[in-house]
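Residue numbers (my numbering), protein chains in the order written: chain Y, 1 to 358; chain R, 359 to 716; chain L, 717 to 1074; chain A, 1075 to 1432. Where a beta carbon is used, it is the ideal one built from N, C-alpha and C, also for glycine. Below: one structure, written as structure tokens.
There are 4 protein chains.
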Amino acid sequence: MNIIGSAYKVCIFGSSHGPFIGGSVQGCPHGEKISTTAIQIEMDRRAPGKGPVSTPRSERDRVEIVSGLHEGRATGAPIVGLVKNRDCDSSAYDAFRRVPRPGHADYPALVKYGGNNDHRGGGQFSGRMTAGLVFAGAVARQVLERRKVRVLAQTIQVGKVRLEKLVPFSAAEKLTRTNAVCCADRAVAEQMKDEIVKAHEEKDSVGGIVRCTVLGVPVGVGEPFFGSIESSLSAMMFSIPGVKGVEFGAGFASGALRGSENNDPFIIRNKKIVTKSNNAGGILGGLSTGMPIEFKVAFKPTSSIAKPQMSVDIEAKKPIELVVSGRHDPCIVPRAVPVVENSAAAVMLDLMLQGGFI
Amino acid sequence: MNIIGSAYKVCIFGSSHGPFIGGSVQGCPHGEKISTTAIQIEMDRRAPGKGPVSTPRSERDRVEIVSGLHEGRATGAPIVGLVKNRDCDSSAYDAFRRVPRPGHADYPALVKYGGNNDHRGGGQFSGRMTAGLVFAGAVARQVLERRKVRVLAQTIQVGKVRLEKLVPFSAAEKLTRTNAVCCADRAVAEQMKDEIVKAHEEKDSVGGIVRCTVLGVPVGVGEPFFGSIESSLSAMMFSIPGVKGVEFGAGFASGALRGSENNDPFIIRNKKIVTKSNNAGGILGGLSTGMPIEFKVAFKPTSSIAKPQMSVDIEAKKPIELVVSGRHDPCIVPRAVPVVENSAAAVMLDLMLQGGFI
Amino acid sequence: MNIIGSAYKVCIFGSSHGPFIGGSVQGCPHGEKISTTAIQIEMDRRAPGKGPVSTPRSERDRVEIVSGLHEGRATGAPIVGLVKNRDCDSSAYDAFRRVPRPGHADYPALVKYGGNNDHRGGGQFSGRMTAGLVFAGAVARQVLERRKVRVLAQTIQVGKVRLEKLVPFSAAEKLTRTNAVCCADRAVAEQMKDEIVKAHEEKDSVGGIVRCTVLGVPVGVGEPFFGSIESSLSAMMFSIPGVKGVEFGAGFASGALRGSENNDPFIIRNKKIVTKSNNAGGILGGLSTGMPIEFKVAFKPTSSIAKPQMSVDIEAKKPIELVVSGRHDPCIVPRAVPVVENSAAAVMLDLMLQGGFI
Amino acid sequence: MNIIGSAYKVCIFGSSHGPFIGGSVQGCPHGEKISTTAIQIEMDRRAPGKGPVSTPRSERDRVEIVSGLHEGRATGAPIVGLVKNRDCDSSAYDAFRRVPRPGHADYPALVKYGGNNDHRGGGQFSGRMTAGLVFAGAVARQVLERRKVRVLAQTIQVGKVRLEKLVPFSAAEKLTRTNAVCCADRAVAEQMKDEIVKAHEEKDSVGGIVRCTVLGVPVGVGEPFFGSIESSLSAMMFSIPGVKGVEFGAGFASGALRGSENNDPFIIRNKKIVTKSNNAGGILGGLSTGMPIEFKVAFKPTSSIAKPQMSVDIEAKKPIELVVSGRHDPCIVPRAVPVVENSAAAVMLDLMLQGGFI
């Protein structure tokens, strides 16, 4: 089911080459000022640009609000946003019903839906569906920001290029907007761009890692076990196409640590109880500790590549060489940054509403 | 809310030092033979042993089925299992209300519940709650195994010791039962044990990584986006105390790969369409591909260590040195193996029921 | 939350005077042929006509499918339908923020939403929202009819005029379409029309009762307790504006009966086990018995009447006489008939999917 | 699924002749004082007495709290209560697998579960399961009463005997506790008792109607459409075995009324905005108006009667006369009163929590 969340429920619908895609949210507190301009800005960040690092598809993701706002404020009813699909040449996709593309959902979707799914442009599996996530999050973050909760995602790895240093939140917020790869360091951003361009030139693609930080979350948000911050955020993150890993704080590295290294000692700073380090990523027992919530999301390289690949002709039951033509981002990571950021905002609003913090 | 799942709903309840802990499952198909002995075997795997690698707490997790089975078969009603808590000296825990233990939920729980939570033994945050997960999964896996779906978890890392080679499923199934750390290689198991004993001797603890494989899942299980296999499994895994990372297939490593390396080419083997490699971890577009589902779960080192740590006296608002005494596993990974394995079974049954595969 | 259902989830959104209203359904089995013409026919039945018994508002409820269908078949993705709102003079509604209309949600909505709700035309409380229910049901009934499950609602009471005789299903199906009040008897239909016209002439409105029958439901649909057919249908019915009572089979009359009168004896007819009578309304223990499912839904008279009524000026805190002008059905029952019928179909599909019957 | 509610989730489990029945609630605000004595008092009201109007089954529904309370307060974790089943001679029930009892779930349950359900004592369809509802409500009402929200159910009809007058809330609260039928008028109570005794002597049973009032609900509780007070309460009420009708305020009678009669005019009384009449039953647009919430619940006569009835031998496919022996209430209405009352409390707490009123 395409519904997630409890107190702030998010639903996404549509398909890549159908008439519309959209999102619907329920639970936005009535009376909240919600700017459609601010929503559009987030939609535009996700929409494909014109630079060398993204697909040339000329989408204009103009969002239309069809319900839930009245005179600029949430009415308490579901807020529904629609984006028209344009520029849809879907002829290229018919072939993938017979010869599934490696890395794509073509094959399991064909088996699951027996050919009834809308396969054009990836249909309901398309990365374009994430526009609905951005919409849901762009509403949520306005509610959060009014309560001093801020969310920032940034690219920290593209292929073999990794940003090692930690850039402070506010600086990173500005810097990530200055380059096409959403990296908080100009020099590394250039290397990342090169990595993408090189992959593209070689008819290939490249993966990467996004880091996300949520500042200002009060202590005690989240629930033990199934409603933990980690469970809730990871369920959202793993719904983003291409995500293959999620870790919080020290994450996988903590497996190699001793408890005395990994435990974050409590200290008093500015009369507040904080932890000296933040290996926990701001979460203990599923609850926020008041420290920044930190997590990383691994994206696999774009599955669509122009290089010849081996696949199978399903009808003939024979191996066949496949070349996926068409317009594709050689690296989805830069466009995934606003998706991670906004969808994280949707989850955090959900948890704060559940816990009675808003 | 302590409920997870859709067609196979799992609820866990109780607290570490209350009278009972337990689990409840709804959606087990009526008529399924469910062996209570088989459930007890899984419960015993999670229960603390007597070796050098686990806590000396003398629990006997005898599960009592209070509803849902009749003459050894599921009736269609919720199946509820209870485990009595024993041997509960909770006097040690009072101090943690004033001085929170680093790495534990003490501090955020105190803020969240204002002292109303049952803090003894970690209360509702206790690792002991995972007995309910094991119960839920021990029911589910019997349904799955009848359909040739098999689940296996194994320890692949403890601290700095890592099992690099891939042991075939059936061999690993046997080998992991021959040693206390649930490792599929005897020699590496010895090193892991040493790593744990060493940490224990140094009044410290150590983390690790569990790998889990699900064999026999038919093609097309899972849903796009929020109901993806990754979303569903990760939501469950991150509800297990101590988990800080989850990755599928190539996981975080795929961020450094090219598409041409990471895409798994389709081939025909034994007249079946399979993929040559399995970087996808058996999942494309959130759906099973028919290949083994593969994921890894990172556990942080046990938070309770006998070494002195820095914390804060919350009332006096002053730093204070804390020594956590009592019985604690120096490494939770071995006991987490059956938790990962069984809770994964619960998720897979849920997805298969949702998709109409059972 | 505006979501109902489990395996077939229905969401309605929009508001009376916003840009759109709509509905979304999830869980329609992929591959099902869904005719948009058939959907439109149901939408038209609910839309206001031109006769003496309905509001002259010139809506044209043309539904646009924005996702979920591909080449006339369900894709497995959410099916979303939109209806544009037109002809919206909302100036009349501003006054009701100060002087709430008796029988309407104005007063509690004002208190609940503090004036943030879209009050125009009843906003999210508007009867117009039922278009979303009809949409959801018009999809569902196509799936049901393919499995020989048929749903029929009919007006059996308008004010003091009541249809006492039981008209057989197929005859009633035809007859209810021959008159504006959806009554299965021509003569009684005329009396009902007169009752409505008379009320209208007296600047008043009138209530009524709708009876609904579902034929062809296999034995065993529904769940004990919270998932009972009665619980599920009543939750849907009571969400329709104006509904104040729901009863199954003998309903309230069974309170006055003896067990020996009320119990339906089992007999064998045409080699099938059926009951001789159907006081149970086709439901025992929350499950279908294979007999027709029968229930009645009581509608209060339209709240908007042109007669002067007493209300309160909320700001001045003084009594004030109110006349509700504008276009209003003097009796909502005829237009409620397709709402009851289609929304019942949505519930029955949900229960059949849950139970694995489809 | 045996789960209901959103912010206050209720789960019931067990079966009539299994080892335990029980209930579980999630969402009780942590820190609330919950008296187990007060819970036991409600359980005892439902438990069978010794008078002429109830079954002689010697149950002692002693509830044991297995989790969720600590030092008399809610911890925030699920509160689970268990009641041991005793005195279970289930030999009588085997016959009903072959010859279903009229009015009982035997036949559809046999078809649905293929004989796998626990049929003894009605199994998961048993009226005894309502002990779980009483438990859930007995917790909820303590939270409500602390906020001046009071719930009262009373018997207003048994067979042909009906209490016509309206007894004020506080008087009714006392009077209903003075007689075995829970009627707010001593004289009528005697007639009701006679009606039940007469039915019992004639080896028959008799139905009735329960009226329920909720006082003190603030304005604006409930949600439009699917989350309406009527939808939420009716879904709960119709899950109680034997319920065949639910109506709010004027209910079915409003179908015969004019709008000018049925609309409740707003007036000012004691500086508060109230309505002069309460045909709406305290609910407009699904939201509370601040007036008492009023609804009626119709119960069919007990299905088990000692009179011979016609049924069918399912294996022989032949008609057969059936006599249901054993212990049975000739009228379930008196014991249903605390079930209606407490389960209504559970629903109201859920809605108040959802709406942020608590």
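Give the DSSP bridge partners of residue i, in chain order.
{"i": "Y/R73", "result": "Y/K33, Y/H70"}
{"i": "R/C570", "result": "R/A511, R/F653"}
{"i": "R/L642", "result": "R/L645"}
{"i": "A/E1395", "result": "A/M1384"}
{"i": "L/I720", "result": "L/V726"}
Between residue i and chain Y, is the shortest Cβ-Cβ distance under 9 Å, so that the two count as touching?
{"i": "R/A463", "result": "yes"}
{"i": "L/S921", "result": "no"}
{"i": "R/F583", "result": "yes"}
{"i": "L/I1074", "result": "no"}
Could you list which residues in chain Y have their beta carbon closer than 8 Å to that of residue i, in chain order?
{"i": "R/T660", "result": "G259"}
Tell me whether residue i sits in a helix, a strand or coil according to DSSP, three-state version.
{"i": "L/L798", "result": "strand"}
{"i": "R/P460", "result": "coil"}
{"i": "R/G603", "result": "strand"}
{"i": "Y/F266", "result": "strand"}
{"i": "A/S1089", "result": "coil"}
{"i": "A/S1302", "result": "coil"}
Does the beta carbon of residue i sit closer than 9 Å to a beta carbon anywhere in chain A?
{"i": "R/T433", "result": "yes"}
{"i": "Y/G281", "result": "no"}
{"i": "Y/P218", "result": "no"}
{"i": "L/P1054", "result": "no"}
{"i": "L/K881", "result": "no"}
Counting contacts by CB-CB distance shorter than 9 Å, is residue i in contact with chain L?
{"i": "Y/Y93", "result": "no"}
{"i": "R/G607", "result": "no"}
{"i": "A/S1302", "result": "yes"}
{"i": "A/S1313", "result": "yes"}
{"i": "A/V1320", "result": "yes"}
{"i": "Y/I361", "result": "For residue 361 of chain Y there is no data in the structure shown, the boundaries of chain Y being 1 and 358."}
With a CB to CB cut of under 8 Å and the five nearest residues on each side skipped, what residues in its chain are close to residue i?
{"i": "Y/K160", "result": "E195"}
For residue i, would you say it is in contact with chain R, using Cβ-to-Cβ distances shorter than 9 Å as the test?
{"i": "A/I1230", "result": "no"}
{"i": "Y/P48", "result": "no"}
{"i": "Y/P29", "result": "no"}
{"i": "A/V1154", "result": "yes"}
Note down, in chain order, every chain A residue with its Cβ under 9 Å from the Cβ of residue i.
{"i": "R/R376", "result": "The sequence shown places Gly at residue 376 of chain R, not Arg. Under the 9 Å cutoff, chain A gives I1139, V1140, S1141, G1142, L1143, H1144, T1149, A1151."}
{"i": "R/S373", "result": "S1141, G1142, H1144, T1149, A1151"}
Excluding the five sequence neighbours on either side, which residues of its own chain have a C-beta within less than 7 Å of the C-beta of residue i, listed in chain order?
{"i": "Y/N278", "result": "G249, D264, M291, P292, E294"}
{"i": "R/K470", "result": "none"}
{"i": "Y/R45", "result": "P338"}
{"i": "L/V904", "result": "V877, L879"}
{"i": "Y/P319", "result": "M310, V312"}
{"i": "R/N360", "result": "C369, I370, F371"}
Residues in its own chain within less than 6 Å of residue i by CB, not counting five upstream and five downstream?
{"i": "A/S1440", "result": "Any answer about residue 1440 of chain A is impossible in this case: the structure gives chain A only from 1075 up to 1432."}
{"i": "A/I1283", "result": "I1230, Q1231, K1370, A1372"}
List the residues of chain A whose Cβ lies closer than 7 Å to the Cβ of residue i, in chain order.
{"i": "L/K1023", "result": "S1334"}
{"i": "L/P1035", "result": "I1341, I1342"}
Going along chain Y, which residues have a C-beta under 7 Å from residue i?
{"i": "R/T647", "result": "Y107, P108"}
Chain R partners of residue i, CB-CB under 8 Å?
{"i": "Y/M352", "result": "Residues of chain R passing the Cβ test: none, with the nearest at roughly 12 Å."}
Output, in chain order, the set of chain A residues within a Cβ distance shorter than 8 Å of residue i.
{"i": "L/P818", "result": "N1337, D1338, P1339, F1340, T1349"}
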